[in-house]
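**Q** So in my numbering, spot 107 of the sequence shown is number 110, and the numbers just go up one at a time. Input: one structure, supplied below.
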Amino acid sequence: MSEIKVGPMRVLVTGGSGLVGKAIEHVVQQEGGKLDGEEWIFLSSKEADLVDIGQTRAVFEKYHPTHVIHLAAKVGGIYQHMKENLQFLRDNIKINDNVLDTAHKMGVTKVVSCLSSCIFPDKTSYPIDETMIHNGPPHDSNFGYSYAKRMIDVQNR
Numbered sequence: 004m005s006e007i008k009v010g011p012m013r014v015l016v017t018g019g020s021g022l023v024g025k026a027i028e029h030v031v032q033q034e035g036g037k038l039d040g041e042e043w044i045f046l047s048s049k050e051a052d053l054v055d056i057g058q059t060r061a062v063f064e065k066y067h068p069t070h071v072i073h074l075a076a077k078v079g080g081i082y083q084h085m086k087e088n089l090q091f092l093r094d095n096i097k098i099n100d101n102v103l104d105t106a107h108k109m110g111v112t113k114v115v116s117c118l119s120s121c122i123f124p125d126k127t128s129y130p131i132d133e134t135m136i137h138n139g140p141p142h143d144s145n146f147g148y149s150y151a152k153r154m155i156d157v158q159n160r
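Written as structure tokens, this is what we have:
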């Protein structure tokens, strides 16, 4: 039988300063989305570089989250993605692996990861849903970033 964690729920939101992170923060802080006893930490890249395993572990050791909403990613514009495809792939795979592995090793109860619409195949039929993620290559302009995001789906299985 597994041990049930007792105590306050502490939610770490990686990518907390991004578009989705800020929207979640607004709901939690302004629209009554926070329950009594919950603590929410909205982490930005200014606080830790999640490409670095040491900094990732330090964040988890500092906050001891019970839950993680993983939104962090290295992102850029189309030109930057096309110019630095390999670096976007490598950095985002490191970020995802560091967050998911550290969460697992520290006994985080639940991890929710966010993907991106660019992960879907370039040539596809509509409407699209998550079962279609791996049905073909993504658009060339986001190749590295897209495949790194697709890997979250694989890593979470």
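Glycine included, each C-beta is placed from N, C-alpha and C at the ideal position. A quick note: this is a predicted structure, and the numbers were derived from the prediction, not measured.
Can you tell me which of the three DSSP states I122 falls into?
**A** For the purposes of this step, residue 122 is identified with residue 119 of the sequence shown, where counting begins at 1. Three-state result, I122: helix.
**Q** Let me confirm a value: I81 is counted as buried when at least 16 other C-beta atoms fall within 10 Å, else exposed. Which label applies?
**A** In the sequence shown, counting from the first residue as 1, residue 81 sits at position 78. With fewer than 16 other Cβ atoms within 10 Å, it is exposed.
**Q** Residues in its own chain within less than 8 angstroms of A51 by CB, not counting five upstream and five downstream?
**A** Taking the first residue of the sequence shown as 1, we reach residue 51 at position 48. Q58, T59, A61, V62.
**Q** Just the C-alpha distance for E41 and V14, rounded to the nearest angstrom, thanks.
**A** Taking the first residue of the sequence shown as position 1, residue 41 is located at position 38. Taking the first residue of the sequence shown as position 1, residue 14 is located at position 11. Their Cα atoms are separated by approximately 8 angstroms.
**Q** Please list, in chain order, all residues of the same chain as T105 whose beta carbon is under 6 angstroms from its beta carbon, the five residues on each side excluded.
**A** As a first step, residue 105 is located in the sequence shown; it is residue number 102 there, counting from the start. Around T105: T59, R60, F63.
**Q** By DSSP, does G18 sit in helix, in strand, or in coil?
**A** Numbered from 1 along the sequence shown, position 15 holds the residue referred to as residue 18. Coil, per DSSP.
**Q** Would V114 and L74 qualify as a contact pair, given that the criterion is a beta-carbon distance under 9 angstroms?
**A** By one-based count along the sequence shown, residue 114 stands at place 111. By one-based count along the sequence shown, residue 74 stands at place 71. Against a cut-off of 9 angstroms, the Cβ pair of L74 and V114 comes out as no contact.
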